[in-house]
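If you use full-length UniProt numbering, the sequence shown corresponds to residues 1 to 260, in order. Glycine included, each C-beta is placed from N, C-alpha and C at the ideal position.
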Amino acid sequence: MTGDNKKLGKAAEEGDINSVQSLLSQGANVNNQDNWNESTPLHYAASRGHNEVVSVLLSNGADPNIEDRDEDTPLHDAAFRGHNEVASVLLSNGADPNTKNKKGDTALIVSARGGDYETVKVLLDNGADLNIHMDPDYVCGTIALMAAVNNKHHHVVELLLTKGADPNITDNEGDIALIVSARGGDYETVKVLLDNGADPNIGQEWDDHTTALIEAAREGHINVVEILLSKGADPNCIDELQQLLVISPLLDDTGENIGN
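Okay, here's the thing in C-alpha cells:
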C-alpha cells in the first residue's frame with residue numbers, strides 16, 4: 001500500500017483525477033504524508049490549483065487542516081499560489097482561515113503579501129481575521145494590512161480597510177502602515193490609508209516618534225508630502241531627533257508655513 005500512497009500524491013499533484021479516484025478506491029491513504037515535507041495529496045492538489053482533485057480528496061476524508069513540516073495547511077498552499085477557487089472549496093469544507101504556519105503566517109497574510117485580491121476577498125468572506133498578528137516570537141511579525149503595505153499592493157490595502165482593518169494598528173515590529181507607505185513614496189497606498197481613517201499625525205514610538213510627513217519629506221517624496229498636508233498633517237511636527245531642519249525645505253516647496 002505504500003506504493004499506492006506515493007502514487008496518490010503524484011496523481012494529485014498532476015491533477016490526474018482518474019488515477020486519484022482509482023487509487024482511493026483501492027484503499028490508498030488520503031491523508032498520507034510524504035517523507036520529504038510531510039505534505040499530503042491535498043497539499044499537492046491545492047498548491048497546483050486542481051479544483052476537482054481537491055473536491056474528490058475532501059469527499060474521501062482528506063483533512064483540510066492537516067499541516068506539513070512547515071505547519072502549512074492546504075489553504076496556505078492555495079493562498080501562496082493564488083488559487084482562489086481552491087481556497088473557496090477548502091473553506092467550504094472546514095478549512096480554518098486563521099491557522100498559523102511555523103512562521104506565524106495565516107493564509108490571509110500570505111495572500112495579502114502576494115497582492116492576490118481575489119483570494120484575500122475569499123478568505124475575508126469566510127471568516128479570516130483581519131487584525132491577527134503573526135507569532136510575536138517571530139522576528140518579522142506582521143498583520144495582513146502591513147503585508148500588503150510592505151509590498152505596495154494598494155488595491156488589497158483598500159479591500160482590507162473596507163472590510164474593517166484598523167488603518168492605525170501597529171504590528172509586532174512597531175511599524176504603522178501610513179509611515180511605511182510615506183517613507184517608501186507609495187502615493188496610492190498613502191491616499192487609500194488617509195481616505196480610510198489613517199491618522200496623518202500618528203507617531204511611530206520605536207522610531208523616535210517619527211511621522212509620515214517627516215519620513216516622506218526626508219526621502220523627497222513631494223507628492224506624498226502634499227497629500228499628507230492636504231489631509232491635515234501638522235507642518236510644525238518635530239520628532240525626538242529634532243528633524244525639523246531636514247523637512248523644512250520640502251515644506252517650503254509646498255507653500256506651508258512653519259511656526260516656532
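Helix, strand or coil at residue i [DSSP, three-state]
i	result
Gly9	helix
Thr40	coil
Thr73	coil
Thr119	helix
Ile17	helix
Residue environment, residue i, which counts as buried when at least 16 other CB atoms sit within 10 Å
i	result
Glu215	buried
Gly232	exposed
Ser25	exposed
Asn223	exposed
Ser59	exposed
Ser39	buried
Glu67	buried
Gly61	exposed
Asp125	exposed
Span separating the alpha-carbon of residue i from that of residue j
i	j	result
Asn151	Gly3	43 Å
Pro167	Ala79	23 Å
Ala177	Leu130	14 Å
Asp72	Pro235	46 Å
Lys102	Gly220	38 Å
Lys191	Val157	11 Å
Ser19	Ala28	11 Å
Gly9	Ser55	15 Å
Glu188	Glu173	23 Å
Asp186	Thr106	25 Å
Ala95	Asp70	17 Å
Thr211	Gly203	5 Å
His209	Gly15	53 Å
Val122	Pro74	15 Å
Gly227	Leu194	Inspection of the sequence shows that residue 227 is occupied by Ile rather than by Gly. Roughly 9 Å between the two C-alpha positions.
Asn201	Leu213	8 Å
Glu85	Val53	12 Å
Tyr44	Ala217	48 Å
Leu90	Leu161	25 Å
Asp175	Arg183	11 Å
Gly127	Arg81	20 Å
Lys163	Asn51	27 Å
Val110	Asn37	19 Å
His76	Glu118	15 Å
Val225	Thr99	39 Å
Residue nearest to residue i in terms of C-alpha spacing, selected from the options
i	options	result
Asp116	Asp186, Lys103 and Val149	Val149
Arg113	Glu71, Glu67, Ala12 and His154	His154
Asp199	Ser230, Glu219, Gly185 and Asn101	Ser230
Gly197	Gly185, Ala165 and Glu219	Ala165
Gly49	Lys6, His221 and Glu13	Glu13
Ile143	Asn126, Asp125 and Val120	Val120
residue 261	Gly104, Ile109, Asn65 and Thr106	The first residue shown for the chain is 1 and the last is 260, placing residue 261 beyond what the model contains.
Lys6	Asn35, Asp171 and Glu173	Asn35
Asp63	Asn51, Arg69 and Pro41	Pro41
Ser47	Asn37, Gly61, His83 and Ile179	His83
residue 323	Leu75, Asn31 and Thr99	Past the boundaries of the shown model lies residue 323; the chain is included only from 1 to 260, so the question cannot be answered.
Val180	Val89, Ala147 and Asn51	Ala147
Gly104	Ile132, Lys163, Ile17 and Arg183	Ile132
Thr170	Leu159, Gly184, Lys163 and Leu145	Leu145
*Counting only runs that start and end within the stretch 140 to 204, where is the beta strand (DSSP E) found for 3 or more residues in a row?*
Taking only runs of at least 3 residues, no beta strand (DSSP E) segment lies wholly in the stretch 140 to 204.
*Please go through the stretch 47 to 93 and give each complete alpha helix (DSSP H) segment of 4 or more residues, from N-terminal end onward.*
Every alpha helix (DSSP H) of 4 residues or more that sits fully in the stretch 47 to 93 is shown, in chain order, as 51 to 59, 74 to 81 and 84 to 92.
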